[in-house]
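Chemist: Handing you this structure, nothing more for now.
Residue numbers (our numbering): 521 to 635.
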(Lines of atoms letter the chains of each structure in order from A and count residues from 1; the text may use other names and numbers.)
(Lines give C-alpha, C1' and ligand atoms only; values in the text may rest on other atoms or scores of the structure.)
Protein backbone atom coordinates (compact mmCIF):
# COMPACT_ATOMS: atom_id res chain seq x y z
CA UNK A 1 0.00 0.00 0.00
CA UNK A 2 2.87 2.35 0.80
CA UNK A 3 4.40 1.90 -2.65
CA UNK A 4 1.12 2.79 -4.35
CA UNK A 5 0.77 5.88 -2.17
CA UNK A 6 4.32 7.08 -2.81
CA UNK A 7 3.76 6.70 -6.54
CA UNK A 8 0.32 8.30 -6.66
CA UNK A 9 1.12 11.40 -4.59
CA UNK A 10 3.75 12.83 -7.02
CA UNK A 11 1.58 11.86 -9.97
CA UNK A 12 -1.43 13.63 -8.48
CA UNK A 13 0.62 16.72 -7.70
CA UNK A 14 1.87 16.83 -11.30
CA UNK A 15 -1.69 16.58 -12.56
CA UNK A 16 -2.83 19.39 -10.29
CA UNK A 17 0.06 21.62 -11.37
CA UNK A 18 -0.79 21.13 -15.05
CA UNK A 19 -4.51 21.82 -14.63
CA UNK A 20 -4.49 25.68 -14.58
CA UNK A 21 -2.19 25.83 -17.60
CA UNK A 22 -4.34 23.38 -19.51
CA UNK A 23 -7.47 25.37 -18.78
CA UNK A 24 -5.83 28.55 -20.01
CA UNK A 25 -4.59 26.86 -23.20
CA UNK A 26 -8.04 25.50 -23.96
CA UNK A 27 -9.58 28.96 -23.59
CA UNK A 28 -7.23 30.44 -26.22
CA UNK A 29 -7.86 27.84 -28.94
CA UNK A 30 -10.14 29.24 -31.65
CA UNK A 31 -13.12 27.13 -32.68
CA UNK A 32 -12.57 24.84 -35.66
CA UNK A 33 -14.93 25.53 -38.52
CA UNK A 34 -13.44 23.19 -41.12
CA UNK A 35 -10.64 23.50 -43.60
CA UNK A 36 -9.85 26.94 -44.95
CA UNK A 37 -10.57 27.41 -48.63
CA UNK A 38 -7.55 26.85 -50.83
CA UNK A 39 -5.65 24.97 -48.10
CA UNK A 40 -2.76 22.86 -49.32
CA UNK A 41 -3.45 19.20 -48.43
CA UNK A 42 0.27 18.45 -48.04
CA UNK A 43 0.64 21.29 -45.52
CA UNK A 44 -2.39 20.07 -43.61
CA UNK A 45 -1.02 16.52 -43.48
CA UNK A 46 2.34 17.85 -42.32
CA UNK A 47 0.74 19.91 -39.55
CA UNK A 48 -1.35 16.97 -38.34
CA UNK A 49 1.59 14.54 -38.29
CA UNK A 50 3.88 17.02 -36.53
CA UNK A 51 1.15 17.83 -33.98
CA UNK A 52 0.68 14.13 -33.21
CA UNK A 53 4.43 13.65 -32.84
CA UNK A 54 4.63 16.69 -30.54
CA UNK A 55 1.89 15.26 -28.32
CA UNK A 56 3.76 11.95 -28.17
CA UNK A 57 6.95 13.85 -27.25
CA UNK A 58 5.13 15.62 -24.41
CA UNK A 59 3.88 12.26 -23.14
CA UNK A 60 7.46 10.92 -23.34
CA UNK A 61 8.74 13.80 -21.21
CA UNK A 62 6.04 13.05 -18.63
CA UNK A 63 7.11 9.40 -18.65
CA UNK A 64 10.72 10.47 -18.03
CA UNK A 65 9.61 12.57 -15.06
CA UNK A 66 7.59 9.68 -13.63
CA UNK A 67 10.50 7.26 -14.17
CA UNK A 68 12.81 9.73 -12.41
CA UNK A 69 10.43 9.82 -9.47
CA UNK A 70 10.32 6.02 -9.50
CA UNK A 71 14.13 5.96 -9.51
CA UNK A 72 14.26 8.31 -6.53
CA UNK A 73 11.72 6.24 -4.61
CA UNK A 74 13.43 2.93 -5.38
CA UNK A 75 15.58 3.56 -2.28
CA UNK A 76 18.38 1.28 -3.37
CA UNK A 77 16.16 -1.58 -4.49
CA UNK A 78 18.14 -2.95 -7.40
CA UNK A 79 15.17 -4.25 -9.39
CA UNK A 80 13.13 -1.03 -9.08
CA UNK A 81 16.06 1.21 -9.94
CA UNK A 82 16.91 -0.95 -12.97
CA UNK A 83 13.32 -0.74 -14.24
CA UNK A 84 13.27 3.05 -13.77
CA UNK A 85 16.64 3.42 -15.52
CA UNK A 86 15.50 1.26 -18.43
CA UNK A 87 12.32 3.30 -18.72
CA UNK A 88 14.34 6.51 -18.90
CA UNK A 89 16.74 5.08 -21.49
CA UNK A 90 13.97 3.68 -23.69
CA UNK A 91 12.01 6.92 -23.48
CA UNK A 92 15.05 8.99 -24.49
CA UNK A 93 15.56 6.65 -27.44
CA UNK A 94 11.90 7.16 -28.31
CA UNK A 95 12.33 10.94 -28.16
CA UNK A 96 15.29 10.70 -30.54
CA UNK A 97 13.18 8.61 -32.92
CA UNK A 98 10.35 11.17 -32.68
CA UNK A 99 12.77 13.98 -33.53
CA UNK A 100 14.14 12.08 -36.50
CA UNK A 101 10.65 11.24 -37.71
CA UNK A 102 9.69 14.92 -37.68
CA UNK A 103 12.75 15.62 -39.86
CA UNK A 104 11.87 12.75 -42.21
CA UNK A 105 8.23 13.87 -42.51
CA UNK A 106 9.30 17.44 -43.29
CA UNK A 107 11.79 16.18 -45.89
CA UNK A 108 9.38 13.79 -47.63
CA UNK A 109 6.46 16.18 -47.72
CA UNK A 110 8.76 18.98 -48.84
CA UNK A 111 9.96 16.81 -51.70
CA UNK A 112 6.37 15.94 -52.63
CA UNK A 113 5.32 19.57 -52.47
CA UNK A 114 8.28 20.68 -54.61
CA UNK A 115 7.36 18.39 -57.50
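Idealized CB from N, CA, C, for every residue including glycine.
Less than 7 Å separating the beta-carbons of residue 568 and residue 622?
Modeler: No, the Cβ-Cβ distance between residue 568 and residue 622 is not below 7 Å.
Chemist: For residue 591 versus residue 601, is the C-beta spacing smaller than 7 Å?
Modeler: Yes; because the gap between Cβ atoms is below 7 Å, this pair is in contact.
Chemist: What do you reckon, is the C-beta of residue 617 under 6 Å from a heavy atom of the ligand FAD?
Modeler: In the structure shown, the ligand FAD is absent, as is every other ligand, since no ligand is present at all.
Chemist: DSSP state of residue 560, grouped into three classes?
Modeler: Looking at residue 560 - three-state DSSP - the assignment turns out to be coil, as it is neither helix nor strand.
Chemist: For residue 566, count neighbouring Cβ atoms within 10 angstroms of its own Cβ and tell me buried if that reaches 16, exposed if not.
Modeler: Its Cβ being crowded by 16 or more others within 10 Å, residue 566 is buried.
Chemist: Among 624, 586, 620 and 564, whose alpha-carbon lies nearest the alpha-carbon of residue 606?
Modeler: Here the closest residue by C-alpha is 586.
Chemist: Roughly how many angstroms lie between the CA atoms of residue 616 and residue 583, to the nearest whole one?
Modeler: For residue 616 and residue 583, the distance between alpha carbons rounds to 14 Å.
Chemist: Check this for me: beta carbons of residue 589 and residue 618, under 7 Å apart or not?
Modeler: Not closer than 7 Å, so no.
Chemist: Identify whether residue 597 lies in helix, strand or coil by the three-state DSSP scheme.
Modeler: Correct three-state label for residue 597: coil.
Chemist: Between which residues of its own chain and residue 596 is the CB-CB distance below 6 Å, once the five residues before and five after are set aside?
Modeler: There are no such residues.
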